[in-house]
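Letter by letter, the sequence shown follows residues 1 to 591 of UniProt numbering.
All residues carry an ideal CB built from backbone N, CA and C; glycine is no exception.
Here's the structure we're looking at; comments come further down.
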Amino acid sequence: MSVVTGTSTTADPDRGTAPTPPGRGPAASPATTAGPPPGTEMTHRQVLEVLAGLLSGLFTALLSTTIVATALPTIIGDLGGTQTAYTWVVTAALLANAVSTPLWGKLADLVSKKLLVQVSLVVFVLGSVVAAASQDVTQLIAARVVQGIGMGGLTALVVAIIGSVIPPRQRGRYSGYMGAVMAVAMSGGPIVGGLVVGVASWRWTFLACVPLAVVALVLIQRTLVLVEEKRRPRVDWLGALLLTTGVSTLLIWVSFVGDSFAWVSWQTGAMVGGGLLLCVALVLVEQRHPEPIIPLEVLKERTTALAVVASIAVGIGLFGSSVFLGQYFQTARGYSALDAGLLTLPSVVGSLVGTIVSGRLITRYGRWKRFLVAGAVLMVVGLGATGTIDHLTPLWHVGVFIAITGLGTGCLMQNLVLAVQNTVPLRQIGAASSSVAFFRTLGGTVGVSVLGSVLASRVATLTTQGFADAGVVTGSDGGNGGGSLDVGALPGPAQEVVRAAYGDATGLIFVIAAVFALLTLLAVSLVREVPLRTTVDVQAPAEGAAAPLTAAEGAAVPATDAPATGAPAADERAAALAGARHLRGGTGSAG
């Protein structure tokens, strides 16, 4: 990566970056903020300083979320909730995350990313405090909505900021840091959550991260310095409203259909019809607005379109199945919240290894499609194998199965975003990155709702059968399909029936998730591999001027300072032509 020296630079869109003698730097422009000048790559140290603040905020949000994961059965039992309530506590946060992510991403292209990431962190902490004070499941669900809005901002903004300061070819080098932070948060959260539940009230699982959030805010304020183009903030509020209401209506229908009302009913007609009409209206509005929430021209690009399809399936497989792992270990196998957190470690370790190894190899060799395909294959195998578990499966078998799944998701998640960011100009990187995150979270929301309903229905059937075999008459819910999750309050023989039902029913949801993972494999197999560029922004060669530098496919191109004068070298010109051919093939010219 090139080193930024004390010599100031002046960006020339046609000639690259030319050094300016000391003392004669350009006057401050209202279009930029403090930081390295446009066209100058950040040094390794500068990138690490930026990542320190960003990843501290992401760590706080992820830790707060995963702390709650193993405590959730205890929380729902204490508040008198049901299996349906358990699903909705998770779904509410994912739904808010999904519908807010595109708006955060678009705002990141229009206003200060630094301010937005701080606001999103504050919103997340506010939701955590409200959740800690909840007195019933309804209040907890409302607080989870606030948490989801904040998490949507962090999800969109962290990826967008990283994409705006690190060229795609070098991004794999730093994805390991993000993977490590995510792994520590995901592995440490359940363990800390189990400890908190064991020695204190579950409410402290929401409050434990407030001090960390304060530290994150201070770090972001001190370390995050960005060069940002000031653009007129023409926010597509109508598009945001249509997106929120349309997607929410369809997701609420998915959550309630088959339970609160039949698949063929007036409620289904009203919600599905209304949701689809709102989505059609959204497309019409987005086609005409100068700054759409979801840029349709970005989604028309083949790589982005297939990445979106793959992300939906990844979300269903990842969120929709992993959410119920903690419940399996606690409710079906009878382990404590702390033990359940430890038992999920193989999945986290697998994800960490997949993220770091694939990122390093992509940076070294410039090839990324093979890791997407390998990740999808591993995900299919892992989820399919996990689909064989029941209440008697040896724990080491479960550990191996979820480790394989984690390895696959580690190869997929960040690299799908990388593939999309490599095809869009810097001015659209926020919206493009958030679009992938939006559809992944959307898939996760649908997955949690659908798989939660499948699990509840299957548990009801198995508990009814189990009690009938024991000569006990129960209600239509089988005694627990929609009843309390406080299994410990049941008599001993009844506990065994309910635990066996949950254990035997859990495998089915992983089988369904594996089917969706096959869709991911199909999508990434059809992706056309595009050489990773070595510049932060996509640049079309100007007529009569030297072309910008782009990485040749598969070549290891180190970052160097752009020459002040003269034409690019032959290999650089060839790389530029490769980038131009790609631009003509779908992304258009940069703005």
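Burial state of residue i, where buried means 16 or more other Cβ atoms lie within 10 Å
i, result
"Leu276", "exposed"
"Ala262", "exposed"
"residue 595", "With the chain running from 1 to 591 in the structure shown, residue 595 is simply not present."
"Ser265", "exposed"
"Leu455", "buried"
"Pro290", "exposed"
"Trp104", "buried"
"Pro73", "buried"
"Ala88", "The amino acid at residue 88 is misidentified as Ala; the sequence shows Trp. Trp88 comes out buried."
"Arg364", "exposed"
"Thr138", "exposed"
"Ala494", "buried"
"Gly198", "exposed"
"Gln287", "exposed"
"Leu58", "buried"
"Trp237", "exposed"
"Gly273", "exposed"
"Thr388", "exposed"
"Trp368", "buried"
"Arg234", "exposed"
"Asp504", "buried"
"Leu251", "buried"
"Leu115", "exposed"
"Gly80", "exposed"
"Gln327", "buried"
"Gly354", "buried"
"Ala93", "buried"
"Ser260", "exposed"
"Val530", "buried"
Opening and closing residue of the alpha helix (DSSP H) in which residue i lies
i, result
"Leu241", "Trp237 to Phe256"
"Glu286", "Trp266 to Arg288"
"Phe324", "Looking at the DSSP string, Phe324 is not in any alpha helix (DSSP H), and its letter there is neither H nor E."
"Trp368", "From DSSP, Trp368 is part of no alpha helix (DSSP H); its letter is neither H nor E."
"Ala340", "Ala337 to Leu343"
"Gln421", "Leu395 to Gln421"
"Ala142", "Val137 to Val165"
"Ala132", "Lys113 to Ala132"
"Glu297", "Leu296 to Lys300"
"Ile429", "Ile429 to Asp469"
"Thr205", "Trp204 to Leu207"
Where residue i falls: helix, strand or coil (DSSP)
i, result
"Thr82", "strand"
"Gln221", "helix"
"Ala551", "Note that Ala551 scores 37 on pLDDT, short of 50, meaning its location in the model is unreliable and no value can be drawn from it."
"Leu519", "helix"
Contact belief for residue i with residue j at Cβ below 8 Å, rounded distance in angstroms
i, j, result
"Ala501", "Val527", "With a Cβ gap of about 41 Å, Ala501 and Val527 do not count as contacting."
"Gln414", "Ser433", "In fact, because the Cβ distance is near 11 Å, the residues do not count as touching under 8 Å."
"Ser64", "Ala216", "About 11 Å; that fails the 8 Å criterion."
"Cys449", "Ser255", "Note that residue 449 is Ser in the sequence shown, not Cys. Right, the Cβ-Cβ distance comes to about 4 Å (below 8 Å), so this counts as a contact."
"Arg169", "Leu532", "4 Å"
"Thr223", "Gly53", "4 Å"
"Val90", "Val323", "5 Å"
"Ala470", "Thr70", "Wrong, their Cβ atoms sit about 30 Å apart, outside the cutoff."
"Val146", "Val130", "6 Å"
"Trp202", "Ile75", "5 Å"
* Asked: So, do the stretch 208 to 217 and the stretch 42 to 50 have three or more beta carbon pairs nearer to each other than 8 Å?
  -> In short, these stretches do not touch, since the Cβ pair count stays below three.
* To do: Decide yes or no for the touch test of the stretch 403 to 421 against the stretch 301 to 317: beta carbon pairs closer than 8 Å, at least 3 of them.
  => The stretch 403 to 421 vs the stretch 301 to 317: in contact.
* Asked: Is the number of C-beta pairs between the stretch 95 to 112 and the stretch 240 to 256 that are closer than 8 Å three or more?
  -> The stretch 95 to 112 is in contact with the stretch 240 to 256.
* **the stretch 504 to 516 / the stretch 282 to 301 touching (three or more Cβ pairs under 8 Å)** => Cβ pair count under 8 Å is below three, so no.
* Would the stretch 181 to 190 and the stretch 428 to 444 be scored as touching if the rule is three or more Cβ pairs under 8 Å? -> Counting Cβ pairs under 8 Å, fewer than three are found: no touch.
* Asked: Would the stretch 105 to 116 and the stretch 422 to 431 be scored as touching if the rule is three or more Cβ pairs under 8 Å?
  -> Yes: at least three Cβ pairs fall under 8 Å.
* May I ask you to verify whether the stretch 118 to 130 touches the stretch 159 to 174, counting CB pairs closer than 8 Å and requiring at least 3? => Not touching, per the Cβ criterion.
* Check whether the stretch 384 to 404 touches the stretch 339 to 351, counting contact only when three or more Cβ pairs, one atom from each stretch, lie closer than 8 Å. => Short answer: they touch.
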